[in-house]
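Numbered per mature numbering (1 follows the signal peptide of the UniProt record, and there is no 0), the sequence shown spans residues -24 to -1, 1 to 525.
The beta-carbon is built from N, C-alpha and C at its ideal position, and this holds for glycine as well.
On a predicted model such as this, the values are computed, not experimentally measured, just so you know.
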Amino acid sequence: MKKLSVLAISILLFSGWSSSDASAEAGDALDRVIISFKEEIDYKLLKEMGADIHEEFDAISAVSVTLPDETTIQAASHDSSIEYIEENSVVRAAAQTTTWGYRTIKANTATSLGYTGKGVKIAIIDSGINSKHPDLKVAGGVSKVANSSAFTDGNGHGTHVAGVIGAQNNSIGIVGVAPDSQLYSVKVLSANGIGTLEGVVAGIQWAIDQKVDIINMSLTTVNNDQTLRDITKKAYEAGILIVAASGNERESGLYSDVLYPARFPSVIAVGSVSQLNKLSYFSNYGASQELVAPGENILSSFVDSLSTSQDDYAISEGTSVASPFAAGTFAQYMEAYPHLSNKQLRETVKRAATDLGAKGRDNQYGNGLIKSLQTKAALFPDLKNDFWYSEPIKNIFDRQIITGLPDGTYRPNATITRAEAVTMLGRALKLDKTNKNHKFSDVSKDSFAAGYINSAYDLGYIQGVSATKFRPNDPIKRGDMALILQAAYKLKSTQQANFKDVPKSMYYYDAIQAAFSNNAVTGYNDNTFRPQNPITRAENAQFLSKLVK
């Protein structure tokens, strides 16, 4: 360990920041504007305006340009094809940590279970990463800093962030939360920690183009820049998880919420806590706070321009340090649950967080302290491994018959509705989900189940509760599900079952006998079938799994 120093800086983007150093570093870039078009980028109009194009942001139909004069900018603002014109902002740099934090979020347990971020691509939008550091592996990157084509780090900030996430599990230095993740260095800050809004937006655009899985932004701005809002929204819609620092301005008393981009709905805002799990004295908080993570006195990889070797380390603090703890943890969950969407993973990690402060979600700690995976993952976070329903659920999941719920759970003990049951059957039998031959007045034509219900009815697999009503939102009973399976799969009864609660006089008697004879359904240990009980999601998976081919 060559270097041990303390950083107490915080990355902030300030529109109109007047530092002479910033002006010198940013140079002509401050004369640029960002033009967003309502539809596609109008290159003909840009040529007519005499625009010099510097960066193109295809995801949001925007460009960074230099225009000849202020008059041209004013004229352009009235063009009907232009959504908005935004001044370029100035960016400057700031802070980070790992050792006690690594243990506090229980990353050691996740590592022991084998969850180290394997195969997960993380873009660190920062000051670059020192790719020569012996404790780091950099998969690639890009520089969006003017007059700098290399994405290496001349500041140390990005390298510190990179270490928290991905320092190698070796014999030196520290170990990151996700040491086997693929780190991408997206340089938007210079050696002096200065950059522009254009650079940050261009960095996010690059990350979208590279199809990364996670973006970490240990930087903030006090401005609600539309361009930054638009590009983060596009990245989130593309399936990318975006994690950002909440900001270090708490002591100023100027802000009632976290700063941007963490405040955007598409971004996960991460505040900082101390070793006592108390909100750090510098950490912003508010209604947008989503999670907190260790952010004080954190040791991580660094860059020392005076060092003759590359194995440098530093102690830092700030929400800039807390953010990569969260990013690394998301990489663990992404490895464990590769089929979950970014939105489902976001909900999963929030549920797993350790509650701090007032009970439940609060403005200081959000949903709580980020926590690494603590058990071997089943197919969904709320399922058990090697349980009676494990194989049946996996079987029908693999066949795309079922998916998880929007919050990333499966809820095996929850009941399913009549509409959901027919939808699953429709997927299993590949029925026409676009069938518009609507029979039932209580089934909305734009319902997810409408086409499947129409097809199943046309084929004689289902009936309504009356000539015009289906009651799609009612729970479906076990006896009724057996009746549907018998019709759909043409099951024949051999009268093998003798369930004591299924009398021959009941309408579902023959169907239950047929389903049981074909090993499609099972009863309970007390020789009952409980036909009037609503069927659970796990039971329905078991029934369908025995019939799908």
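In the DSSP assignment, what residue or residues form a beta bridge with residue 28? Beta-bridge pairing links residue 28 to 42.
Give me whichever residues DSSP pairs with residue 268 in a beta bridge. For residue 268, which the question treats as bridged, DSSP gives the partners 247, 345.
Opening and closing residue of the alpha helix (DSSP H) in which residue 452 lies: Neither: residue 452 is in no alpha helix (DSSP H) and is coded neither H nor E.
Which one or two residues does DSSP pair with residue 63 in a beta bridge? Per DSSP, the beta bridge partners of residue 63 are 9.
Rounded straight-line distance, which links the Cα of residue 475 to that of residue 468: Their Cα atoms are separated by approximately 17 Å.
What whole-angstrom Cβ distance do residue 124 and residue 161 have, given they're in contact under 8 Å? Between residue 161 and residue 124 the Cβ distance is about 12 Å, and since that is not below 8 Å, they are no contact.
Leaving aside the five residues before and after residue 405 along the sequence, list all residues of the same chain whose C-beta is less than 7 Å from its C-beta, in chain order. Spatial neighbours of residue 405 in its own chain (CB-CB distance under 7 Å, excluding positions within 5 residues in sequence) are listed in chain order as 464.
How far does the alpha helix (DSSP H) with residue 389 in it extend, from its first residue to its last? Secondary structure note for residue 389: it is in no alpha helix (DSSP H), with a DSSP letter that is neither H nor E.
Go through its chain and collect everything with a Cβ distance to residue 225's Cβ below 6 Å, but skip five positions before and after it. Hits under 6 Å: 231, 260.
Since residue 289 sits in a beta bridge, which residues does DSSP pair it with? 277.
Out of curiosity, what's the CA-to-CA distance linking residue 413 and residue 430? Taking C-alpha positions only, residue 413 is separated from residue 430 by approximately 6 Å.
Would you kindly work out how many angstroms separate the C-alpha atoms of residue 194 and residue 143, rounded to a whole number? Taking the straight line joining both Cα atoms gives about 17 Å.
Please classify residue 124: does DSSP put it in a helix, a strand, or coil? Residue 124 falls in the strand class under three-state DSSP.
Just to confirm the assignment, what range does the beta strand (DSSP E) spanning residue 162 have? Following the DSSP letters along the chain, one finds residue 162 inside the beta strand (DSSP E) bounded by residues 158 to 163.
I'd like to know if the region 351 to 371 and the region 476 to 492 are in contact, where contact means that at least 3 CB-CB pairs between them fall below 8 Å. Output reads no: the region 476 to 492 does not touch the region 351 to 371.
Residues sharing a beta bridge with residue 119, DSSP: Looking at the DSSP assignment, residue 119 forms a beta bridge with 163.
CA-to-CA distance, residue 186 to residue 56, given in whole angstroms: In a straight line, the C-alpha of residue 56 is about 32 Å away from that of residue 186.
Simplified DSSP state of residue 219, which is helix, strand or coil: Here residue 219 sits in strand by DSSP.
Residue nearest to residue 14 in terms of C-alpha spacing, selected from 129, 60, 203: Per the Cα distances, 60.
Residue span of the beta strand (DSSP E) that contains residue 152, given as start and end: The continuous stretches of beta strand (DSSP E) do not include residue 152, and DSSP gives it neither H nor E.
Report the three-state DSSP secondary structure of residue 577 (helix, strand or coil). Since the first residue of the chain shown is -24 and the last is 525, residue 577 is not available in this structure.
Are there 16 or more other CB atoms within 10 angstroms of the CB of residue 88, so buried, or fewer, so exposed? In this structure residue 88 is exposed. Its beta-carbon is surrounded by fewer than 16 other beta-carbon atoms within 10 angstroms.
Could you give the first and the last residue of the continuous alpha helix (DSSP H) run that contains residue 310? Segment 295 to 312, the alpha helix (DSSP H) holding residue 310.
Does DSSP classify residue 510 as helix, strand or coil? The answer is strand: DSSP assigns residue 510 an E or B state.
What separation, rounded to the nearest whole angstrom, lies between the Cα atoms of residue 418 and residue 374? Their Cα atoms are separated by approximately 32 Å.
Meets three-Cβ-pair contact criterion under 8 Å: the region 207 to 215 and the region 254 to 270: Between the region 207 to 215 and the region 254 to 270, the count of Cβ pairs shorter than 8 Å is below three; the stretches do not touch.
Count the other CB atoms within 10 Å of the CB of residue 242; is the residue buried (16 or more) or exposed (fewer)? With a 10 Å radius around the Cβ and a threshold of 16 neighbouring Cβ atoms, residue 242 comes out buried.
In chain order, what residues of the same chain have a beta carbon less than 6 Å from the beta carbon of residue 523, not counting five sequence neighbours either side? Here residue 523 has 465, 496 as same chain residues with Cβ atoms under 6 Å from its own Cβ, once five neighbours each way along the sequence are excluded.
Please classify residue 20 as buried or exposed, where buried requires at least 16 other C-beta atoms within 10 Å of its C-beta. Sixteen is the threshold: since fewer than 16 other Cβ atoms of the shown chains lie within 10 Å of the Cβ of residue 20, the residue is exposed.
Alpha carbon of residue -1 to alpha carbon of residue 348, nearest angstrom: Confidence at residue -1 is low in this model, with a pLDDT of 45, below 50, so its placement is unreliable and the value that follows should be read with caution. Rounded to whole angstroms, residue -1 to residue 348 spans 43 Å at the Cα level.
What's the call for residue 148, buried or exposed, on a 16-neighbour Cβ count within 10 Å? It is exposed - the Cβ of residue 148 has fewer than 16 other Cβ atoms within 10 Å.
First and last residue of the beta strand (DSSP E) that includes residue 100? Segment 97 to 102, the beta strand (DSSP E) holding residue 100.
Own chain, CB closer than 7 Å to residue 433, minus 5 neighbours either side, in chain order: Contacts found: 415.
Assuming the contact rule is C-beta atoms closer than 8 Å, residue 299 and residue 221 should be a hit. Round their C-beta distance to whole Å, please. Residue 221 and residue 299 do touch by the CB rule: their CB atoms are close to 4 Å apart, below 8 Å.
Counting only beta-carbon atoms, is residue 422 nearer than 7 Å to chain D? The chain inventory of the structure shown lacks chain D, comprising one protein chain alone.
Residue 428 and residue 470 look like a contact to me (Cβ under 8 Å); what is the Cβ gap, rounded to whole Å? Actually they do not touch by this definition, with Cβ atoms about 30 Å apart.
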